[in-house]
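Have a look at the structure below, then the notes.
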Amino acid sequence: MELIVCLKQVPDTEAMIKVGANGKSIDEAEIKWVMNPYDEFAVEEALKIKEAQGGTVTVMAVGPAKTVEALRTALAMGADQAVHIDDEAALGGDEYSAAVVMAAAIKGMSCDLVLTGQRTVDDDRGQLGGILGELLGIPSVSVINKLDLADGALIAERPVEGGTLVIKASLPAVITAQKGLNEPRYASLPGIMKAKKKPLEAKKLADLGVDPSQAGAAGALVEVVKMTPPPERAAGQVIDGETAAEKAAKLADLLHNEAKVV
Amino acid sequence: MASGIWAVAETRNGEIRKVTYECISEARRLADAAGTDVTVVLLGKGVADAAAGMGAYGADKVLVADGDDFEPYLTEIHASAIASLAKDAAPAVILIGASSQGKDLSPVLSAKMKAGLSTDCTAFRMDGGKLVATRPMYAGKVFVEEMAKSETHIATPRPNVMEADDSAGKTPAVETVSPEIGTKMTEVVELKADQSGKVDLTEASIIVSGGRGMKDSENYKILEDLAEVIGATVGASRSAVDAGWRPHSDQVGQTGKVVSPNLYIACGISGAIQHLAGMSSSKVIVAINKDPDAPIHAKADYSVVDDLFDVVPALTEEMKKVVNA
Ligand SMILES: Cc1cc2nc3c(=O)[nH]c(=O)nc-3n(C[C@H](O)[C@H](O)[C@H](O)COP(=O)(O)OP(=O)(O)OC[C@H]3O[C@@H](n4cnc5c(N)ncnc54)[C@H](O)[C@@H]3O)c2cc1C
Ligand SMILES: Nc1ncnc2c1ncn2[C@@H]1O[C@H](COP(=O)(O)O)[C@@H](O)[C@H]1O
């Protein structure tokens, strides 16, 4: 099995996020960066498939120089090799322009399954896997929490409103990982040592034959025109009362007569 | 320039899902602002009869393709069909509910049409015939406005945020269409229905959520009792899910579900940033937490600082009176 995992480096979920000076992107000073949490599930799943069926796990990221940290983390978890698409012209775009670059890279490799996270926790778009599948002309099965591979096909489960869909697709295919798929392992100390010697290849758009006009901000189909802090919620009220019962009675009254939600 | 606002209906087993009407009503509001009209794409099996009723929500036209090809939903088939219908019409906007189906469909459609996509939006407006989509990023720590550079802008409104309004009083032109469906690459082996029969968190209008303060899985009974009385669905924080008290499908937050009910009652939940990410677009938030400094109180419209094991059962009794009055 040739397994390719796309991963992104994102701000830690605890990070304070402030709007940057340009009013369109965040202020990146003082941010701690981590591998996107959903991508950990994708890496773990690829490693489990490799352990069961053999093959190679290649991790791939489009991102600035610091992205190598997230790639190294994946290598330390057990991935075999990494590809870092490190080109100024590939940055600042949307999922479409990122997928164009990744599709070009993947076309030059042998691949049975591409794994991505179901969503990044930075721009929260959840688009890349589906777009990538379409650009590669292969099926994409999104937001899965169970995966089995057999006889050149995959069977995956997607939680949907009121149930679970069991979906079958032929390989090669793209899946996007949801929490519940597995429990990602931690990188062990020996793993971290070994990772230093694993291949990590940096590529430019020219190496992939991608025209800069198709990548990054130039190739994006959507653009952020304005970024603002979240709207303030009006200050709430603390329900007073001598006893819990008294507070409960007041709350019931307010929800019914003031907020009119019950 | 592209014009026309489209809304894609979501159907399952011949039923129209609620988010459809939210999309049509929002499409109507945008079309009125831009001086254009609303077209609904209705794909499914046994759904054609629902087309006429979409006028109430504001549809001027409904494109219907009814048949075996469209049930069950398959990503590539639906995306191909909608892309083929949109090709000549070149709508300015296509709205698709950000349900699990819409989140799956929209990226593939976006790539097929080479149309910009804004996901999980909480507000829209039109500016010079183009859509401006507002959406949270970084788990709601910032909000952005996005615009598409492509002719068509696809956007997925977060379920429960847009108001479904059935007072538009239109009589839509219903047109039967035969879109191209491309090659089938996936199949649905089965849909395992959730046995609980409860309304999904993302569709619920009231949610009662319990966190680590619940102490035990058995104690969720008091939340179930309250939920039963006020017609709510029970949710949970990640701590409660990680403790094994509730299934992951109940988790609200950054790595769980993003919900927007009319009322969210957080019981024994501290209000960690990752939890707030999943529920801060709720219309009314109630916090029941004995710690006055718990961050959830700062987000709440109504705060009760007390022991949940005293407050929740009392609230259930009070709600019985209100509901039965
Ligand atoms: C990458 C990442 C993703 C995450 N994703 C999510 C997510 O999707 N959803 C999520 O919820 N969390 C998520 N978390 C976890 C989050 O950081 C918090 O740990 C979690 O939300 C805490 O859950 P809690 O509020 O139930 O527990 P706690 O923080 O322990 O809070 C329990 C609260 O209960 C109150 N309490 C205790 N007993 C009582 C009582 N008898 N009466 C009244 N109040 C009482 C306490 O005062 C306290 O405030 C994520 C974390 C990370 C790092
Ligand atoms: N720049 C990137 N490089 C590599 N993978 C990415 C990149 N952006 C997104 N992905 C992958 O696509 C998934 C979904 O991301 P998104 O559509 O951006 O929310 C992520 O979980 C990653 O697996």
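Chains as they are written, first to last, in the working numbering: chain W, 37 to 298; chain Y, 12 to 336.
All residues carry an ideal CB built from backbone N, CA and C; glycine is no exception.
Around the beta carbon of Glu66 of chain W, a 10 Å sphere encloses fewer than 16 other beta carbons of the protein chains shown; the residue is thus reported as exposed. Remark: the shortest separation between the CB of Asn300 of chain Y and any heavy atom of ligand 1 falls under 6 Å. The alpha-carbon of Asp115 of chain Y is positioned some 7 Å away from that of Gly166 of chain W. At least one heavy atom of ligand 2 lies closer than 6 Å to the C-beta of Asp75 of chain W.
With a cutoff of 6 Å, Glu82 of chain Y does not count as near ligand 2, since its C-beta is closer than that to no heavy atom of the ligand. The DSSP assignment places complete beta strand (DSSP E) segments of no fewer than 3 residues inside the segment 238-301 of chain Y at 244-247, 274-278, 295-299, in order along the chain.
By a beta-carbon distance limit of 8 Å, Cys278 of chain Y contacts Leu319 of chain Y. Their separation comes to about 5 Å. Arg169 of chain Y carries a coil assignment under DSSP once its states are collapsed to helix, strand and coil. Cys34 of chain Y sits in a helix when the DSSP states are folded into three classes. Nearest Cα to Leu85 of chain Y within the set Y:Asp43, Y:Val30, Y:Lys152, Y:Val199: Y:Val199. Taking C-beta separations shorter than 8 Å and ignoring five residues to either side along the sequence, the partners of Glu33 of chain Y in its chain run Gly108, Pro168, Pro170, Asn171, Val172, Met173, Glu174, Ala175, following chain order. Contiguous beta strand (DSSP E) elements confined to the segment 158-243 of chain W occur at 176-180, 182-186, 189-196, 199-206, 209-213, 236-239, taking only those with 3 or more residues.
Interface flag for Gln206 of chain Y against chain W is unset, since no Cβ pair is found closer than 7 Å. Between Ser36 of chain Y and Tyr68 of chain Y, the C-beta gap is smaller than 7 Å, which places the two residues in contact.
Membership of Glu76 of chain W in the alpha helix (DSSP H) is indicated by the continuous run 73-89. Taking a C-beta distance under 7 Å as the contact criterion, Asp184 of chain W and Ile174 of chain W do not qualify as a contact pair. In this structure, Arg221 of chain W has its CB at a distance of at least 6 Å from all heavy atoms of ligand 1. Boundaries for Gln112 of chain Y: no beta strand (DSSP E) harbours it, while the alpha helix (DSSP H) harbouring it runs 111-124, taken from the DSSP string.
Under the three-state reduction of DSSP output, Ser95 of chain Y falls in the helix class.
A Cβ-Cβ contact shorter than 7 Å links Gly222 of chain Y with Ser250 of chain Y. Assignment of beta strand (DSSP E) within the segment 21-85 of chain Y, counting only whole runs of 3 or more residues, yields 49-55, 72-77 in chain order. Taking a Cβ-Cβ cut-off of 7 Å, the neighbours of Gly272 of chain W in chain Y comprise Ala311, Asp312, Tyr313, Ser314, given in sequence order. Closer than 6 Å to some heavy atom of ligand 2: that describes the Cβ of Lys44 of chain W. Of the residues assessed, Gln89 of chain W falls on the exposed side of the cut-off, its CB having fewer than 16 other CB atoms within 10 angstroms. For Asp205 of chain Y, the three-state secondary structure derived from DSSP is coil.
In this structure Val240 of chain Y touches Met330 of chain Y by the C-beta definition: roughly 5 Å separates them, less than 8 Å. Taking 7 Å as the cut-off, the Cβ atoms of Ile218 of chain Y and Gly246 of chain Y count as close. Around the beta-carbon of Asn335 of chain Y, fewer than 16 other beta-carbon atoms lie within 10 Å, marking it exposed. Contact between Ser314 of chain Y and Gln163 of chain W does not hold, since the beta-carbon distance rounds to 37 Å and is not under 8 Å.
Here the segment 226-245 of chain Y makes contact with the segment 253-266 of chain Y; the two share three or more CB pairs at distances below 8 Å. A contact is defined here as three or more CB-CB pairs under 8 Å, and the segment 146-159 of chain W fails this definition with respect to the segment 57-76 of chain Y.
Of W:Leu168, W:Gly188, W:Asp159, W:Ala115, the smallest CA-CA separation from Glu157 of chain Y is found for W:Asp159. Rounded to the nearest angstrom, the gap between the Cα atoms of Ala243 of chain Y and Ala38 of chain Y is 28 Å. When DSSP states are grouped into helix, strand and coil, Leu149 of chain W belongs to the strand group. Between Lys215 of chain W and chain Y, the shortest Cβ-Cβ separation is below 7 Å. The C-alpha of Ala110 of chain W lies about 16 Å from the C-alpha of Asp48 of chain W.
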